[in-house]
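Below you'll find the structure, written out as structure tokens, and then a few comments.
Chains as they are written, first to last, in the working numbering: chain C, 1 to 300; chain D, 1 to 178.
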């Protein structure tokens with residue numbers, strides 16, 4: 001028997017829970033088919049979410065899942081250009097015609113879907129992003145020049161969380177696009193996802209006790225993002241997320257972290273999300289999304 | 001005597017690649033170990049860490065390289081940073097403030113250091129006074145800043161604890177940077 005999981009038509013952080021809910025109990029007992037035929041658009045968060053599902057299934061030693069590629073040529077080309085199929089081919093049995101190679105020339109894809117498994121990968125990511133980030137952040141979004149370095153720092157810290165806490169590898173992708181429905185402005189989005197142990201298990205031994213019965217995915221996210229705690233006793237730890245929050249506040253940016261059955265967000269005024277979502281369908285590991293919007297004239 | 005340590009060179013040795021970004025904790029720890037090894041073989045009094053080849057310093061590396069070095073060598077050396085750009089300051093200032101540490105940084109093209117990190121406000125003012133005006137004793141500082149003697153002593157004690165001035169007899173000297 002095969003469990004068919006439909007990728008939402010518009011696949012981003014908002015529709016992610018529908019995708020996650022398709023898996024039921026983790027890991028699902030049946031063979032999985034991820035059906036993206038009807039997908040018209042996917043954010044970097046959505047793309048690496050699909051890969052995370054594939055990785056989690058592989059690590060649970062489940063049969064290699066199937067992935068039917070989008071029917072739309074335009075969507076397929078975009079996914080290919082973002083490097084998605086290159087990574088997906090390792091984790092899924094791909095069905096449908098996949099375009100070869102990527103596009104050349106300037107692109108809104110600031111960083112292809114890139115695996116992060118070790119410290120060297122973080123160096124590679126930061127090295128690769130620096131030039132394009134300046135063009136988009138300063139040139140298009142109207143952020144000050146030093147924003148590029150803050151952005152690279154945020155990316156570095158987010159990727160390091162995979163290496164240091166997940167206990168397995170993950171992915172990162174960065175893209176610029178226009179947030180028509182929610183904001184009506186250009187944004188840059190960093191998406192980072194892993195199929196690892198998640199925040200609750202990572203922090204459990206050091207912090208569960210003081211939360212008592214409240215301890216769970218939501219409390220673990222609160223401990224990490226609001227209280228800046230770390231599983232390490234080193235007092236220098238836990239500053240990365242604090243720093244990211246500080247500059248996102250300045251730029252009216254948004255960070256949300258989903259882990260297990262909860263998602264916690266620092267919500268800027270332009271967004272209608274709720275800060276804490278609990279009792280969501282379980283999904284392995286942790287998914288981080290950072291959104292930096294174009295600055296309005298008054299804040300430039 | 002001053003020992004200048006080029007961080008860019010240590011970074012390239014640590015990652016065995018031509019990257020100019022000081023990122024990740026393991027990289028920061030490897031760079032710090034090399035700094036400590038260099039200092040162990042040196043009879044210098046001041047370690048001048050030169051960041052001029054560095055493009056980016058992230059929080060993890062600021063913590064591993066600068067904060068942990070200050071915690072380790074606190075009683076042995078004066079540590080001064082040079083070649084930092086404005087955006088480097090932000091990461092280093094953030095982690096040092098978190099640890100309640102401070103370090104002197106010499107801006108490019110200047111010999112007057114500025115403080116990064118946390119010291120009490122009076123200590124910061126005293127640091128500027130001594131850096132710009134040269135060595136002072138407690139009475140001299142209090143005269144210049146119109147402070148009481150105890151206030152001046154406390155400010156200078158704070159700077160001495162953080163290895164931000166060099167006490168010699170009754171005088172407090174600016175850290176040697178050149």
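Heads up, the beta-carbon is just placed ideally off N, CA and C, and yes, glycines get one too.
Could you tell me the distance, in whole angstroms, from the CA atom of residue i to the CA atom of residue j?
i                      : j                      : result
residue 7 of chain D   : residue 125 of chain D : 29 Å
residue 97 of chain C  : residue 67 of chain C  : 11 Å
residue 44 of chain D  : residue 1 of chain D   : 5 Å
residue 62 of chain C  : residue 173 of chain C : 26 Å
residue 82 of chain C  : residue 75 of chain C  : 11 Å
residue 108 of chain D : residue 120 of chain C : 30 Å
residue 112 of chain C : residue 84 of chain C  : 8 Å
residue 134 of chain D : residue 143 of chain D : 14 Å
residue 302 of chain C : residue 13 of chain D  : No statement about residue 302 of chain C is possible, as the shown extent of chain C runs from 1 to 300 and does not include it.
residue 248 of chain C : residue 6 of chain C   : 33 Å
residue 164 of chain C : residue 21 of chain C  : 28 Å
residue 127 of chain C : residue 161 of chain C : 18 Å
residue 36 of chain C  : residue 78 of chain C  : 14 Å
residue 150 of chain D : residue 122 of chain D : 12 Å
residue 163 of chain D : residue 101 of chain D : 10 Å
residue 155 of chain D : residue 39 of chain D  : 29 Å
Measuring alpha carbon to alpha carbon, tell me which of the options ends up nearest residue i.
i                      : options                       : result
residue 91 of chain C  : C:38, C:294 and C:170         : C:170
residue 133 of chain C : C:190, C:45 and C:78          : C:190
residue 250 of chain C : C:151, C:15 and C:113         : C:151
residue 184 of chain C : C:258, C:233, C:52 and C:295  : C:295
residue 122 of chain C : D:4, D:117 and D:17           : D:17
residue 8 of chain C   : C:49, C:24 and C:27           : C:49
residue 202 of chain C : C:77, C:259 and C:239         : C:259
residue 199 of chain C : C:285, C:43 and C:158         : C:285
residue 277 of chain C : C:234, C:270 and C:216        : C:216
residue 33 of chain D  : D:5, D:54 and D:160           : D:5
residue 261 of chain C : C:149, C:114, C:4 and C:16    : C:16
residue 197 of chain C : C:222, C:59, C:245 and C:70   : C:59
residue 159 of chain C : C:115, C:187 and C:148        : C:115
residue 128 of chain D : D:139, D:115, D:140 and D:120 : D:115
residue 140 of chain C : C:39, C:179, C:109 and C:187  : C:187
residue 86 of chain D  : D:79, D:72, D:56 and D:168    : D:56
Grouping DSSP H, G and I as helix and E and B as strand, with all else coil, what is residue i?
i                      : result
residue 41 of chain C  : strand
residue 42 of chain D  : coil
residue 191 of chain C : strand
residue 299 of chain C : Low confidence applies here, because residue 299 of chain C scores a pLDDT of 47, under 50, leaving its location unreliable; read the following figure in that light. Residue 299 of chain C falls in the helix class under three-state DSSP.
residue 163 of chain D : coil
residue 164 of chain C : helix
residue 144 of chain D : helix
residue 277 of chain C : strand
residue 229 of chain C : coil
residue 175 of chain D : coil
residue 336 of chain C : With chain C represented from 1 up to 300, any question about residue 336 of chain C goes unanswered, as that position is not in the structure.
Please list, in chain order, all residues of the same chain as residue i whose beta carbon is under 8 Å from its beta carbon, the five residues on each side excluded.
i                      : result
residue 58 of chain D  : 21, 22, 23, 24 and 91
residue 171 of chain D : 135, 136 and 137
By Cβ distance, which residues of its chain are closer than 7 Å to residue i, with the 5 residues on each side in sequence left out?
i                      : result
residue 267 of chain C : 254, 273 and 275
residue 30 of chain D  : 14
residue 168 of chain C : 59, 194, 195 and 196
residue 245 of chain C : 255 and 266
Who does residue i pair with in a DSSP beta bridge?
i                      : result
residue 265 of chain C : C:256
residue 10 of chain C  : C:41
residue 105 of chain D : D:81 and D:114
residue 170 of chain C : C:116 and C:194
residue 199 of chain C : DSSP output for residue 199 of chain C lists no bridge partner at all.
residue 284 of chain C : Residue 284 of chain C pairs with nothing; no bridge assigned.
residue 293 of chain C : C:187
residue 6 of chain D   : D:50
Can you find the residues in the same chain that come closer than 6 Å, C-beta to C-beta, to residue i, ignoring five residues on each side of it along the sequence?
i                      : result
residue 300 of chain C : Its pLDDT being 44, under 50, residue 300 of chain C is placed unreliably by the model, and nothing is read from it.
residue 265 of chain C : 256, 273 and 275
residue 62 of chain D  : 91, 92 and 95
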